[in-house]
Amino acid sequence: MTAREEVLARIEAALRTGGTGPDGPVPVLYRTHGDLSLPELLALAASRLADYRAIVRRATAATLAAEVSAALAKRGARRLVVPPGLDIELPAFAEVTVDDGLTPAELDTYDGVVSRAAVAIAETGTIVLDGSPGQGRRAITLVPDYHLCVVEASQVVHLVPEAVARLASAAARPLTWISGPSATSDIELERVEGVHGPRTLEVVLVAA
Amino acid sequence: MSTFLGLPTAPPGVGHLRQEAPFPVAARQALGNAQLRSNLRKATTTIRAKRAAVVGELPDWEQLREAGQAIKARTMADLGRYLEQLESEVSARGGIVHWARDAAEANQIVTRLVREADATEVVKVKSLATDEIGLNDALAAAGITAHETDLAELIVQLGRDRPSHILVPAIHRNRAEIRDIFAREMAGADPGLTDEPSALAEAARRYLRRKFLTATVAVSGANFAVAETGTLCVVESEGNGRMCLTLPRTLITVMGIEKVIPAWTDLGVFLQLLPRSSTGERMNPYTSMWTGVTPGDGPQALHLVLLDNGRTAALADPAGRDALHCIRCSACLNVCPVYERTGGHAYGSVYPGPIGAVLSPQLTGVADNASLPFASTLCGACYDVCPVKINIPEILVHLRARHVEEDIRERGKPSAEAITMAAASWVMVSPARYATAQAASRAARLLRRRGRISGLPPPLAAWTRARDAPVPPRQTFRQWWRSQGRP
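Residue numbers (the numbering used here), protein chains in the order written: chain A, 18 to 225; chain B, -1 to 485.
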């Protein structure tokens, strides 16, 4: 008997002995739809992102380029890597490389990365990247120490289950859920920001 | 190998599931360590407050717990079908699925895969399943070095220590002890390293950076695996998980078979329950999900090892199997009055605390962890905080009974507990016998020291081995009643 056959046979035997237990659909009594207006939603997203030490900027379509430029200038980020398909205007001082399969060691030499996101969750202050154009390979938003992420108002949902539902069609793609910069609570359970992932996360929320 | 109802439990001699000393003996030693108790009290007090605050924010927390429990119960009821579905979805997207009957087989599979990838080093994401099977020891025996990359696991590894908490394996260490371990064991550590947590995190970042950027093979566990889509999910904080899951060419994931969940939408429940219960955050900093191989992005060789190692034996016990619902948040450890005082090492298993006391004995067979179901006051705090509503006190009582029954069967005679209880019953049904026994018990006052009795003569010594007995009063209630001139 292969290990596979044996483990499956054991499961069958265990359920025969112990009974199978409940079946039928799981009742959904938890919240699956938010109830906030768009301004409330964006305000909540901004405050929850900031709670976990992301830097938050608010912009409109008209001021986006200026906000991005101001963020990069303040950070002193010049050498930037960006994913293919990024449709954001970057300032003239930036030296921009479009990722075409850079090695981890090469990525480690950049000042930062600029990307878009797929979904953002207001209640938890989370942005989710799904690797589609404008977001790129997982490595490019991981290795550089600074991540500037642009989120459109239409991408912001209130609740975690809403985000999961929106991402259903992207389930086959690699997903990265990001809530603030990297952090650890491993020393006396005290939270410290900045370990292996980008130590600075800056989010530009673009109102409709 | 022992079995439960014919189903094999986790084999001895490999991995870290068994007590070396019974809990009362190990606990007595831990209780003598004032530094340990102070570290634990500080850490668990902090995390309890954080958890309570973020759980209190959600108006539907109870509904989420109900859903979490219901999803897990339904998963177990049809576990074989969900595993086959997971296997077929992962395989369809270029992943390779392996099955392991036990720890030894899982270790063999991973060792072979690392060799086939021509690697002598691997980077590891914190994983209880690989701690459970003793993977690092097995790899070392094969000449392969495993680098733990989670900060707490790194502290444990560099300190040649053992994990003592599910979430924060180095919870028993304070910042000064961690500084000393880093200064002593970390190649290239700054001699002026301070004990500021941020400085210690920075030291770990520098130490591991080169390893991340050059590693070719990573080993991880999985928090969830979605049968419907073949998606694997790892929840973490530091970014060491993302590094391991993204940069190497080969990724090997070892997962207990109970980690499968049926549907994509189930993630919407568990990604709320887990972070709030675990680190007390609304959401942990990073969650990675991957579904098979994505050309040009991340590891191009993906393996998934599905591990039994006693889980099917636990599944066979309808009164104990809910322990398999555990999502490893560690909330039950943080609220447990016993854990807070003894720490995790006293439990002897990689699964300490209340959940460990119900899970470890079921994985190994109760006889091999016989004292763990008794390592609890049954106060019920663990049940109240469990995000998937595992009724831990009820399972503890069930396992105590199972231990007594198995012991009688094994030894062919009643246990000391059974004899004591029978004797107590004989005494208590007769008022005269009861009065005589009470009078006799006052003789025990001679044994008191500092208001307690810590050692009764046999056969009562069994009781005081694990606890102090109160000193019997000078006068019984019945004597006092009569002295008041009442009937």
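Note that CB positions come from ideal geometry on N, CA and C, so glycine has one too.
Spatially closest choice to residue i from the options, by CA coordinates
i, options, result
"A/G38", "B/A314, B/T109 and B/A202", "B/A314"
"B/G296", "B/L211, B/S125, B/N105 and B/V402", "B/L211"
"A/V131", "A/A88, A/G118 and A/T143", "A/A88"
"B/T292", "B/Q33, B/W424, B/L243 and B/A25", "B/L243"
"A/L159", "A/S86, A/E123 and A/A82", "A/E123"
"B/F180", "B/V166, B/Y205 and B/H170", "B/Y205"
"B/N332", "B/S428, B/T43, B/A174 and B/A28", "B/T43"
"B/L357", "B/I388, B/A421 and B/G237", "B/I388"
"B/P471", "B/N134, B/Q482, B/I451 and B/P260", "B/I451"
"A/P198", "A/A224, A/S86, A/D68 and A/A31", "A/D68"
"B/A117", "B/T310, B/L81 and B/T248", "B/T248"
"A/R27", "B/F222, B/A216 and B/R309", "B/R309"
"B/A312", "B/V303, B/L322 and B/L305", "B/L322"
"B/G237", "B/L156, B/N282, B/P391 and B/L272", "B/N282"
"B/T285", "B/L300, B/R240, B/D159 and B/T251", "B/R240"
"A/L184", "B/M287, B/R407 and B/A422", "B/M287"
Alpha-carbon spacing of residue i relative to residue j, whole angstroms
i, j, result
"B/M184", "B/L198", "11 angstroms"
"A/I195", "A/V221", "14 angstroms"
"B/P161", "B/K209", "22 angstroms"
"B/R63", "A/L53", "24 angstroms"
"A/R65", "A/T120", "34 angstroms"
"B/A416", "B/Q477", "30 angstroms"
"B/D382", "B/R280", "19 angstroms"
"B/A317", "B/E85", "29 angstroms"
"B/P195", "B/Q436", "57 angstroms"
"B/V427", "B/G453", "27 angstroms"
"B/V336", "B/P359", "18 angstroms"
"B/G13", "B/T263", "34 angstroms"
"B/P412", "B/A399", "13 angstroms"
"B/A47", "A/E207", "12 angstroms"
"B/F268", "A/V145", "16 angstroms"
Proximal residues of chain A, C-beta to C-beta of residue i below 9 angstroms
i, result
"B/D306", "A20, E23, V24, R27 and I28"
Residue i: first and last residue of the uninterrupted alpha helix (DSSP H) it sits in
i, result
"B/H145", "Looking at the DSSP string, B/H145 is not in any alpha helix (DSSP H); the run it does join, the beta strand (DSSP E), is T143 to E146."
"A/T163", "In the sequence as presented, Thr is not what sits at residue 163 of chain A; that position holds Tyr. Note, A/Y163: premise wrong, no alpha helix (DSSP H); beta strand (DSSP E) at Y163 to E169."
"B/H396", "I390 to R409"
"B/A168", "Neither: B/A168 is in no alpha helix (DSSP H) and is coded neither H nor E."
"B/G239", "N238 to T244"
"B/E18", "Segment: none, B/E18 is in no alpha helix (DSSP H) and carries neither H nor E."
"B/K387", "Careful: B/K387 lies outside any alpha helix (DSSP H) and carries neither H nor E."
Endpoints, beta strand (DSSP E) assigned at residue i
i, result
"B/T289", "Y284 to T289"
"B/M253", "T248 to G254"
"A/E84", "Not the beta strand (DSSP E): A/E84 falls in the alpha helix (DSSP H), residues L81 to R92."
"A/A76", "I72 to A76"
"A/D203", "A200 to I204"
"A/V223", "T217 to V223"
"B/C231", "T229 to E234"
"B/W97", "G93 to A98"
Chain-ordered neighbours of residue i on chain B, where CB pairs are closer than 8 angstroms
i, result
"A/G148", "T292 and D295"
"A/V212", "L149, A199, A202, R203, S235, E236, G237 and N238"
Interface residues of chain A facing residue i [CB-CB closer than 7 angstroms]
i, result
"B/D315", "G35"
"B/G78", "L25, I28 and E29"
Beta-carbon neighbours of residue i, restricted to chain A and to distances below 8 angstroms
i, result
"B/L156", "In chain order: nothing, as chain A lies at least about 13 angstroms away."
"B/V166", "S202, D203 and L206"
"B/Y284", "T193, W194, I195, S196, S199 and G214"
"B/F222", "The premise fails here: B/F222 is roughly 12 angstroms from chain A at the closest Cβ pair, so nothing lies under 8 angstroms."
"B/E103", "A20"
Residue i: CB within 6 angstroms of a non-hydrogen atom of the ligand NAP
i, result
"A/T77", "This structure lacks the ligand NAP; in fact it carries no ligand of any kind."
is_contact[residue i, chain D] using C-beta, thresh 7 angstroms
i, result
"A/E84", "Although the question refers to chain D, the structure presented lacks it and instead comprises the protein chains A and B."
Partner residues on chain B for residue i, Cβ-Cβ distance less than 9 angstroms
i, result
"A/E219", "What A/E219 touches in chain B: nothing, since even the nearest Cβ is about 15 angstroms away."
Closer than 7 angstroms at the beta carbon, the chain B residues around residue i
i, result
"A/T143", "M281"
"A/L233", "Residue 233 of chain A lies beyond the range of chain A shown here (18 to 225); nothing can be said about it."
"A/L97", "Under the 7 angstroms cutoff, chain B gives no residues; its nearest Cβ is about 19 angstroms from A/L97."
"A/A235", "Chain A is shown only over 18 to 225; residue 235 of chain A falls outside these bounds and no answer can be derived."
Under 9 angstroms (Cβ pairs) to chain A, residues found in the segment 81 to 97 of chain B: L81, E82, E85, R91, V95, H96 and W97
Report the residues of the segment 37 to 49 of chain A with a CB closer than 9 angstroms to any CB of chain B, ordered along the chain. T37, G38, P39, D40, G41, P42, V43, P44, V45, L46, Y47, R48 and T49
According to a CB-to-CB cut-off of less than 9 angstroms, which residues of the segment 265 to 279 of chain B neighbour chain A? L265, G266, V267, L269, Q270, P273, T277, G278 and E279
Quick one: which residues of the segment 193 to 209 of chain A get their C-beta closer than 9 angstroms to a C-beta of chain B? List them in chain order. T193, W194, I195, S196, G197, P198, S199, A200, T201, S202, D203, I204, E205, L206, E207, R208 and V209
Members of the segment 158 to 190 of chain B that neighbour chain A once the beta carbon cut-off is set at 9 angstroms: L165, V166, P167, A168, I169, R171, N172, R173 and I176
Return the residues of the segment 119 to 142 of chain A that lie within a Cβ-Cβ distance of less than 9 angstroms from chain B, sorted by chain order. T120, P121, A122, L124, D125, I138, E140, T141 and G142
Of the residues that make up the segment 171 to 195 of chain A, which ones have a beta carbon closer than 9 angstroms to any beta carbon in chain B? L176, V177, P178, E179, A180, V181, A182, L184, A185, A188, A189, R190, P191, L192, T193, W194 and I195
Using a Cβ-Cβ cut-off of less than 8 angstroms, list which residues of the segment 153 to 166 of chain A approach chain B; keep chain order. R154, R155, A156, L159 and V160
Can you give me, in chain order, the residues of the segment 55 to 69 of chain A that have a beta carbon less than 9 angstroms from any beta carbon in chain B? R65, D68 and Y69
Anything in the segment 55 to 74 of chain B with a Cβ closer than 7 angstroms to a Cβ of chain A? List those residues in chain order, please. D58, Q61, L62, E64, A65, A68, I69, A71, R72 and M74
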